[in-house]
Amino acid sequence: MNCIMSSSQKFFKNFNRCDVNVLAREELESHLKEECTVSVHSCNFKEAGCRFKGPRYVIEKHIEENCQQHLTLMCNIVSKQQHQITSLKSALSRLSLNYSGTLIWKISDFSTKMAEAKTKEGMELVSPPFYTSQYGYKLQDFDQYLDGLTPNFVVVVAHRYRELLSVASQKRD
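Right, here's the structure in full:
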């Protein structure tokens, strides 16, 4: 907007072919963003990749006439976001694995599961997997019975580093 300030410096005179000829200083920013018919604006889909710029009335026409292009841009963004989410979930899964050999297993809604175990036979709970070390054995805790009388047991689960490990001999007394 080509503007010339008046001598009092409280008003702008507009020589930008805008409908408004004189404008108070505090209204200038609002006018340019929301009302001015000739100020240049970017398309609403700029963040999606649309490079169109023009006056407000041309922007509205552009948006109406380019719905398919804008939809394609948005679909590309959604696709990229889905790949990013998948990648982040995978990274989080790798980071949240337990390599300490210690399992802290929080069983949610334990009292309900205990009550259910008393009425159902063979109620089984399975822990999340945990490792003895980063390249160690992958273990999983199975607590088949929540009756408190039957002991739970730990199982060595197959994983990609298992072939590199020597399998410990099993002693049974």
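In the UniProt record's numbering, the protein residues as written are 1 to 173. Think of the CB as a built atom: it goes at the ideal place given N, C-alpha and C, for glycine as much as any other residue.
Asked                                                                                             : Found
Y99 versus Q140, N66, I107, residue with shortest Cα-Cα distance                                  : Q140
Residue environment, K171, which counts as buried when at least 16 other CB atoms sit within 10 Å : For K171, the predicted model reports a pLDDT of 41, less than 50, meaning its position is unreliable; a value from the coordinates is still stated below. Looking at its Cβ environment, which holds fewer than 16 other Cβ atoms inside 10 Å, K171 is exposed.
Closest by C-alpha distance to V126, when choosing among L73, V155, S39                           : V155
Delimiting residues of the alpha helix (DSSP H) encompassing H83                                  : 67-95
Integer Cβ distance of I63 from N44, believed to fall under 8 Å                                   : 6 Å
CB of A117 within 8 Å of CB of M123, strictly                                                     : yes
Exposure label - C67; buried when at least 16 CB within 10 Å                                      : exposed
Beta-bridge pairing of S42 - partner residues as DSSP gives them                                  : K53
DSSP state of L32 mapped onto helix, strand, coil                                                 : helix
DSSP bridge partner residues for Y131 (one or two, in chain order)                                : K138
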